Amino acid sequence: QVQLVESGGGLVQTGGSLRLSCAASGSILSTNAMGWYRRAPGKQRELVATISSGGATKYADSVKGRFTISRDNAKNTVYLQMNSLKPEDTAVYYCHYSRTYYRPPDYWGQGTQVTVSS
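Residues in the sequence shown are numbered consecutively from 4, following my numbering.
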């Protein structure tokens, strides 16, 4: 089992920035992937960004150039720096943990709300 604890959501104005954090604990594999999905009201959950333990990254086209994902393997923690936020970024953001980079998520965090006001 892997437990994920997220922090860093909140309310911000258009153009502002937020930083999300997600700490993993439990049965952590040395090779894994962690990252973020989001679900906006009335929409399906979508991938935002993911990063492997080796540093490979993948981003949704809608956030490229604005969001940066990073991780601290020693702390089993992943970060999402979100800049130039837009109202369409408003969603519940869910941290995920996958046993490998190419697997779908095996574990989810509880979600953290990000609201961008116009």
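C-beta: ideal position from N, C-alpha, C; glycine also. It should be emphasised that the depicted structure is a prediction, and the values quoted were computed from it without experimental measurement.
- Taken atom to atom, the span from the alpha-carbon of W39 to that of T80 is near 12 Å.
- For G114, the CB contacts under 6 Å within the same chain, skipping 5 residues up- and downstream, are V95 and Y97 in chain order.
- In this structure, the CA atom of Y105 is about 11 Å from the CA atom of A59.
- Rounded to whole angstroms, the gap between the alpha carbons of G45 and V119 is 16 Å.
- Looking from the CA of D92, the closest CA among C25, V51 and Q6 belongs to V51.
- Rounded to the nearest whole angstrom, the C-alpha separation of L21 and V15 is 8 Å.
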